[in-house]
Amino acid sequence: MVYLIGWVLMFISACFALRRSGYLFFLIPLIYCAVISVFRGSVGTDTAAYITIFEDLALGEAAPFSEPGFKVLSYVLIAISPDPEIAVKAISVVFLY
């Protein structure tokens, strides 16, 4: 239900995005979804798996995925953030924006 509210807000803001003042309406759903992605905890089918992968990356092991952009983003976020859980949540925010 929480995600549906974000989707509805995004669709409504898309209707106003073509107007000059529409960009202000576009920020509201982005902030809403960013807050959800950061404070949602370790829920979801892949979140725990990615946290484990990022812990391995922090220890210097090779990445198990082959997408070059995602690999670079993962290494950068691990270098910036000491906690793998924060790095995984940061990916949610990066892909949101």
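Numbering of the sequence shown is given in my numbering, commencing with residue 1 and proceeding in unit increments. Virtual Cβ for every residue (Gly too), placed ideally from N, Cα, C. Since this is a predicted model, take the numbers as computed values, not measurements.
- Judged by DSSP secondary structure, Asp56 falls within the alpha helix (DSSP H) whose first and last residues are 47-58.
- Approximately 13 angstroms separates the beta-carbon atoms of Ile80 and Leu57; this is outside 8 angstroms, ruling out the contact.
- In terms of Cα proximity to Asp46, the closest of Val88, Ile31, Val2 is Val88.
- The shortest CA-to-CA distance from Leu59 to any of Val38, Pro29, Asp83 is the one to Asp83.
- Contact between Ile28 and Leu9 holds, with the beta-carbon distance rounding to 6 angstroms and staying under 8 angstroms.
- Apart from sequence neighbours up to five positions away, the residues of its chain that approach Pro64 with a beta-carbon distance below 7 angstroms are Ile53, ordered along the chain.
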